[in-house]
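Numbering follows numbering that gives the first Met the number 0, in which position 367 of the sequence shown is assigned residue number 366; successive positions increment by one, without gaps.
Structure first, commentary second.
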Amino acid sequence: MKYDQIDNKLYIKNRKNFMAQMKPKSVAVFNSNDIYPIGADSTMPFQQARDIFYLTGADQEETILVLFPDAPNKEHREMLFVRETNDHIAVWEGEKLTKEKGTEVSGIKSVYWLKEFDKIFFEVMTQAERIYFNTNEHYRQSVETETREDRFIKTTKEKFPAHSWERSNPILQGLRSVKDKIEIDLLQQACNITEKGFRRILNFVKPGVWEYEIEAEFMHEFLRNRSRGFAYTPIVASGNNANVLHYIENNQQCKKGDLILLDVGAEYANYSSDMTRTIPVSGKFSKRQREVYNAVKRVKDDATKMLVPGNYWKEYHEEVGKLMTKELLGLKLLDKADVKNEDPNWPAYKKYFMHGTSHHMGLDTHDYGVLWEKMTEDMVFTVEPGIYIPQEGFGIRLEDDVVIQKKGEPFNLMRNIPIEAEEIEEIMNK
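If you want it as structure tokens, here you go:
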């Protein structure tokens, strides 16, 4: 891995917190991701399943975690199963986890080769009454591929039909939504790498460059700072492309006078950053562009102040809608009649700002977190209002990642990334 090894006390703590919420005489199992094929002998780059990474730090394929806090055999209370490595594998695929390295990374003392799993798992299942299955229940998930977890669940239900089963996801939704200091430091590192990429392109962009060239500049800077690359598919949208919320083609030339919406973020150690900035191709905003830009910035600043313990996402977003309505009236994009006659289920402001303002951040760009529960200290959210005006040929979105504090305004992990219109212009015109 490109990143520095993470202190295993994070994973020791995470497992302890998870096991504290398990029912008596229960076993929980977590599988690594598959390596997905493309065609012939080609595969997609491996990315670890976030839940097993959260609990172990093990970042390789064919890995299984078993938790059985009530196991009669103390060695079976935490077990990590890894693919057996040898000299041949080392030559062809590189270094894999040894048993010793598995313990060093995860803090788990009982590390076994994967070939031992079936025998040991049968033994612990004869001693357990129920099993926790790990399912993906994120509110935005739409996975059609059968995963390694799916196959494990199917075969386990067939082999042990008399056992009852539970879901690990509700526990993980709560645990993963609140970040440890080590996690916040990793998120800060990802944001710092994103900052370096953004400052690089501020000195690169000019009329005539292509969107994919800007994408390449980001990738260059991310890789040279020990990131695997983008945390999600980057959006580099010039001109009217910015009005397509998930524009990812990045294949158009950037023209004089246009704006470029940049929704990009570096990952670091599987942790995501998520930044949006909107910059002028020519290095200077027009009067109208600046008016809209500053309106979005005001909404972002005021929305950020509302991310405090005790607030709810739904009510928060409704309040942001009121802020946006006021700004759209000031920009003459809405009039009072539009607001008076609006559909409560689709307020007038949604014509120009149609997406949510914030989502949880962490190991996933849209991380685990229950939106109908209260915000708490050390949750990490994005703040990303936008105004999209197809008839004027541009859209503007601004986005930072922030950590909710016990008291006061949240801590901005992107505080050092230029966002004021004047600062962006100054850097671009040096």
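The C-beta atom is built at its ideal place from N, Cα and C for all residues, glycine as well.
For residue 59 and residue 96, believed in contact at Cβ under 8 Å, the rounded distance:
For this step, residue 96 is matched to residue 97 along the sequence shown. For this step, residue 59 is matched to residue 60 along the sequence shown. Between residue 59 and residue 96 the Cβ distance is about 6 Å, and since that is below 8 Å, they are a contact.
Over what stretch of residues does the beta strand (DSSP E) that includes residue 275 continue unbroken?
Here residue 275 corresponds to residue number 276 of the sequence shown, with the count starting at 1. Where residue 275 is concerned, the enclosing beta strand (DSSP E) stretches over 274-279.
For residue 179, three-class secondary structure by DSSP
For the purposes of this step, residue 179 is identified with residue 180 of the sequence shown, where counting begins at 1. DSSP places residue 179 in coil when its eight states are reduced to three.
What residue does the alpha helix (DSSP H) around residue 66 start on, and which one ends it?
Indexing the sequence shown from 1 puts residue 66 at position 67. No alpha helix (DSSP H) contains residue 66, which is instead part of the beta strand (DSSP E) from 63-66.
Count the other CB atoms within 10 Å of the CB of residue 75; is the residue buried (16 or more) or exposed (fewer)?
For this step, residue 75 is matched to residue 76 along the sequence shown. So residue 75 counts as buried.
So, helix, strand or coil for residue 235, using DSSP?
Here residue 235 refers to the residue found at position 236 of the sequence shown. It is a strand residue.
Taking the alpha carbon of residue 180 as the point to measure from, which residue in 395, 6, 127 and 428 has its own alpha carbon closest?
Residue 180 sits at position 181 when you count from the first residue of the sequence shown. Ranking 395, 6, 127 and 428 by Cα distance to residue 180 puts 6 first.
Meets three-Cβ-pair contact criterion under 8 Å: the segment 345-357 and the segment 318-334:
yes
Figure out for me which residue from 26, 394 and 176 has the closest Cα to the Cα of residue 448.
Here the chain covers residues 0 to 429 and nothing more, so residue 448 does not appear.
So the beta strand (DSSP E) residue 418 belongs to, where does it begin and stop?
Along the sequence shown, one-based indexing puts residue 418 at 419. Looking at the DSSP string, residue 418 is not in any beta strand (DSSP E), and its letter there is neither H nor E.
Which ranges would you report for the alpha helix (DSSP H) in the segment 42-104 if only whole runs of at least 4 residues count?
49-55 and 86-92
For chain C, is any of its Cβ atoms less than 8 Å away from the one on residue 166?
The question asks about chain C, but that chain is absent: this structure has only one protein chain.
Taking all protein chains shown into account, decide if residue 34 is buried (16 or more other Cβ within 10 angstroms of its Cβ) or exposed.
Residue numbering aside, residue 34 sits at position 35 when the sequence shown is read from its first letter. Flag for residue 34 reads exposed.
Closest residue to residue 245 among 265, 235 and 4 (Cα-Cα distance):
The sequence position of residue 245 within the sequence shown is 246, counting from 1. Among 265, 235 and 4, the Cα nearest to that of residue 245 belongs to 235.
Using 10 angstroms around the beta-carbon of residue 172, count the other beta-carbons present and answer buried if the total reaches 16, otherwise exposed.
Mapped onto the sequence shown, residue 172 falls at position 173. The residue is buried, with at least 16 neighbouring Cβ atoms inside 10 Å.
Give the C-beta separation of residue 419 and residue 304 to the nearest angstrom, bearing in mind that I take them to be a contact with Cβ-Cβ under 8 Å.
Counted from its first residue, the sequence shown places residue 419 at position 420. Counted from its first residue, the sequence shown places residue 304 at position 305. The Cβ separation is near 17 Å, so there is no contact.
With a threshold of 6 Å on Cβ separation, who are the neighbours of residue 346 within its own chain once the five nearest residues in sequence on each side are excluded?
Counting from 1 along the sequence shown, the entry for residue 346 is found at position 347. These residues qualify, in order along the chain: 320.
Quick check: the Cα distance between residue 330 and residue 298, rounded to an integer number of angstroms?
Within the sequence shown, residue 330 is the residue found at index 331, counting from 1. Within the sequence shown, residue 298 is the residue found at index 299, counting from 1. The alpha-carbon atoms of residue 330 and residue 298 are separated by roughly 13 Å.
Coil, strand or helix - residue 385 by DSSP:
Taking the first residue of the sequence shown as position 1, residue 385 is located at position 386. The answer is strand: DSSP assigns residue 385 an E or B state.
Sorted by chain position, which residues of the same chain lie with C-beta nearer than 7 Å to residue 167's C-beta, five sequence neighbours on each side aside?
Within the sequence shown, the letter at position 168 stands for residue 167. For residue 167, where only same-chain residues beyond five positions count, the Cβ hits under 7 Å are 27, 131, 132 and 133.
Report the option in 379, 395, 404 and 389 whose CA atom is closest to the CA atom of residue 187.
Residue numbering aside, residue 187 sits at position 188 when the sequence shown is read from its first letter. Closest option to residue 187, Cα to Cα, is 379.
On the CB-based measure, 16 or more other CB atoms within 10 Å of its CB, does residue 360 come out buried or exposed?
For this step, residue 360 is matched to residue 361 along the sequence shown. Buried.
Do residue 302 and residue 382 come within 8 Å of each other at the CB atom, strictly closer than that value?
Start at 1 with the first residue of the sequence shown, and residue 382 comes out as number 383. Start at 1 with the first residue of the sequence shown, and residue 302 comes out as number 303. Yes, the pair counts as a contact, with Cβ atoms nearer than the cut-off.
From 267, 227 and 19, residue whose alpha carbon lies closest to that of residue 44
Here residue 44 refers to the residue found at position 45 when the sequence shown is read from its first residue. If we check each option's Cα against that of residue 44, 227 comes out closest.
Do you know offhand how far residue 174's Cα is from residue 254's?
One-based indexing of the sequence shown puts residue 174 at position 175. One-based indexing of the sequence shown puts residue 254 at position 255. Their backbone Cα atoms lie some 46 Å apart in a straight line.
Do residue 278 and residue 261 have their C-beta atoms within less than 8 Å of each other?
Within the sequence shown, numbered from 1, the residue matching residue 278 stands at position 279. Within the sequence shown, numbered from 1, the residue matching residue 261 stands at position 262. Yes, the Cβ-Cβ distance between residue 278 and residue 261 is below 8 Å.
Look up residue 403 in the DSSP assignment and say whether it is helix, strand or coil.
Along the sequence shown, one-based indexing puts residue 403 at 404. In the structure shown, residue 403 sits in coil (DSSP, three-state: anything other than H, G, I, E or B).
Restricting to Cα atoms, I'd like to know which of 145, 67, 85 and 57 is closest to residue 102.
On the sequence shown, residue 102 is found 103 positions in, with the first residue counted as 1. Taking only the C-alpha atoms, the option nearest residue 102 is 57.
Coarse secondary structure for residue 168, derived from DSSP in three states:
Here residue 168 is taken as the residue at index 169 of the sequence shown, counted from 1. DSSP places residue 168 in helix when its eight states are reduced to three.
Alpha carbon to alpha carbon, how far is residue 20 from residue 170? Give it in angstroms, no decimals.
Your numbering for residue 170 matches position 171 in the sequence shown. Your numbering for residue 20 matches position 21 in the sequence shown. Going from the Cα of residue 170 to the Cα of residue 20 covers about 7 Å.
Three-way DSSP call (helix, strand, coil) for residue 316 in this model:
By one-based count along the sequence shown, residue 316 stands at place 317. Three-state result, residue 316: helix.
Nearest-angstrom Cα distance between residue 249 and residue 300?
As a working note, residue 249 is residue 250 in the sequence shown. As a working note, residue 300 is residue 301 in the sequence shown. Whole-angstrom Cα-Cα distance: 29 Å.
Assuming contact is defined by CB atoms lying nearer than 8 Å, are residue 396 and residue 295 in contact in what I supplied?
Your numbering for residue 396 matches position 397 in the sequence shown. Your numbering for residue 295 matches position 296 in the sequence shown. Cβ distance < 8 Å, so residue 396 and residue 295 count as in contact.
Can you tell me whether DSSP reads residue 348 as helix, strand or coil?
Within the sequence shown, residue 348 is the residue found at index 349, counting from 1. In this structure, residue 348 counts as helix in the three-state DSSP scheme.
Between which two residues does the beta strand (DSSP E) carrying residue 396 extend?
Position 397 of the sequence shown, counted from the start, is the residue given in the question as residue 396. Residues 393-396.
Per DSSP, cross-strand counterpart(s) of residue 129:
Within the sequence shown, residue 129 is the residue found at index 130, counting from 1. Paired residues: 25 and 163.
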